[in-house]
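Each remark here refers to the structure printed beneath this line.
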Amino acid sequence: IIKASEVGIRVIFPLSFFFGFITLFLVTQNIVKRLNELMITIKKTGEGYFSPLPFPSGKDEISTLIRTYNNMAEALKEREMQLIKKEEELIQHRKLAAIGILASGVAHELNNPLNNIHLSAQILERETEPDSKLMVKETIEDILSQSLRVKKIVGDLLEFARERKPEMARINLPDLIKNVYSQVEKISSSEDIRFSVISSGEVYISVDPEQMERVLLNLFTNAVDAMSGKGDLIVRVSPDEDVVKIEVSDTGPGIPEDTVNKIFDPFFTTKDRGTGLGLSIVYNIIKNHYGRVEVKSSCGQGTTFTIYLPREI
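Read in order, the letters of the sequence shown are residues 17 to 329 in our numbering.
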């Protein structure tokens with residue numbers, strides 16, 4: 017009997033040890049697996065991804081740890097959303113503050129053309145005799161030119177201040193380009209500018225017509241001003257299946273190398289007049305159309321702005 021008991025112990029003890037080891041191994045593997053999942057998720061949280069782990073059903077320490085982590089991840093995600101909202105509000109407040117600073121400059125910019133409009137109107141009122149037809153015509157043209165200049169300044173300010181999403185419409189791009197340049201001719205001294213549009217024909221694209229008009233108006237007036245009213249302004253339209261490339265080139269003096277990287281900054285200008293908002297508006301409008309704008313310039317060799325726009329959004 018004693019020998020049988022000894023044999024039983026010798027058999028049962030190794031088996032118990034073996035099954036105990038297997039059980040311990042499986043439990044350990046489960047713990048390690050869950051801890052690894054938790055570690056990977058925590059690492060992702062540090063990178064800004066707040067993904068919760070599957071909700072545990074157990075009541076052990078690791079399950080409690082996972083529940084605690086999930087609550088923390090949810091709180092962090094909510095906090096991040098609040099921070100993003102606050103950041104957007106801060107950007108808007110900075111814009112409004114910048115507009116307040118800009119107000120005095122805008123008032124000065126508006127004052128000169130408004131005075132010209134007033135004086136031109138007074139001349140028009142006085143010169144009503146039959147032999148003054150030519151002067152009347154020239155005065156009316158001056159009124160139109162100065163009023164359009166005011167309209168552009170105010171339009172730039174409004175476009176910068178508001179955050180308006182593009183309202184898409186399908187347009188023929190070469191037609192819009194020609195129409196915008198006809199406006200530039202009324203605003204600027206462009207009699208000696210040789211303007212040309214190079215395009216294979218009609219090019220239809222989905223854009224916000226009003227915003228794209230403002231983009232072209234700013235680029236064209238900048239080019240005319242840079243050339244002091246004398247030179248070549250060439251617009252090339254190159255479409256492919258998905259993207260339209262628009263190149264606006266002038267033969268002006270070019271942009272200094274230390275200035276090129278600043279030209280899209282709000283309020284930056286090298287001119288003695290203007291708000292410094294034009295190219296910043298160009299950049300933002302193109303970005304909102306899911307496109308991009310690039311500039312290439314060398315002193316004495318002119319400047320080329322290249323716009324890439326998707327044909328459909």
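Ideal Cβ placement from N, Cα and C applies to all residues, glycine included.
Query                                                                                                     : Result
Local Cβ density within 10 Å of R142, reported as buried at 16 or more and exposed below that             : exposed
Nearest-angstrom Cα separation, counted from K111 out to N304                                             : 18 Å
Bounding residues of the alpha helix (DSSP H) (the contiguous stretch that carries G294)                  : G294 to N304
Validate contact between the stretch 212-227 and the stretch 147-167 using beta carbons, cut 8 Å, 3 pairs : no
CB of I262 within 7 Å of CB of S212, strictly                                                             : no
DSSP state of N277 mapped onto helix, strand, coil                                                        : coil
For R252, three-class secondary structure by DSSP                                                         : strand
Entirely enclosed alpha helix (DSSP H) segments - the stretch 173-236, minimum 4 residues                 : 189-203
Per DSSP, cross-strand counterpart(s) of V260                                                             : P255 and L325
Candidates V298, G318, V259 and P272: closest to S265 by CA position                                      : G318
Range of the contiguous beta strand (DSSP E) that encloses S313                                           : R308 to S313
Residue burial classification, A91 (beta-carbon count within 10 angstroms, cutoff 16)                     : exposed
According to DSSP, residues forming a beta bridge with G247                                               : I209
C-alpha distance - P326 paired with S296, whole-angstrom precision                                        : 20 Å
Supposed contact pair L235 and F176 - C-beta distance, whole angstroms, cut 8 Å                           : About 16 Å; that fails the 8 Å criterion.
Close Cβ partners of R210 (< 8 Å) along its chain, the five nearest in sequence each way excluded         : G247, D248 and L249
Cutoff 7 Å: Q227 Cβ touching any chain D Cβ                                                               : Of the protein chains in the structure, only one exists, and it is not chain D.
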